[in-house]
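Remarks on the structure that follows.
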Amino acid sequence: MHFAGEIISYITYADGVALMASTGAGLQALLDALVKGASAVGLQLGPAKCMTLKIIGDH
């Protein structure tokens with residue numbers, strides 16, 4: 000996602016995080032980095048609260 004000329008790959012609010020990528024591999028890399036960073040400070044993701052949304056087409 001682009002905002003003010005910058006590429007935004009995540010949005011956070013309270014205890015939520017939205018990751019955005021143009022490929023599945025890119026999304027997996029972001030998720031791996033998030034899991035590693037969260038683990039480093041004693042946090043973990045709740046898989047039951049996680050979901051994906053794939054948008055296909057010209058946006």
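So the sequence shown is numbered by numbering that gives the first Met the number 0: it starts at 0 and just counts up by one.
The beta carbon of each residue, even a glycine, is placed where N, CA and C say it ideally should be.
According to DSSP, residues forming a beta bridge with residue i
i, result
"L18", "Y9"
Of the listed residues the options, nearest to residue i (C-alpha basis)
i, options, result
"T51", "A39, G23 and L42", "G23"
"A17", "I55, D57, L44 and G56", "L44"
"L33", "S21, I10, I55 and I54", "I10"
"K48", "E5, D14, G4 and S8", "D14"
"G25", "G4, S8 and I55", "S8"
Distance cut-off 7 Å: residue i Cβ against heavy atoms of the ligand SAM
i, result
"G56", "As for the ligand SAM, it is missing from this structure, which has no ligand bound."
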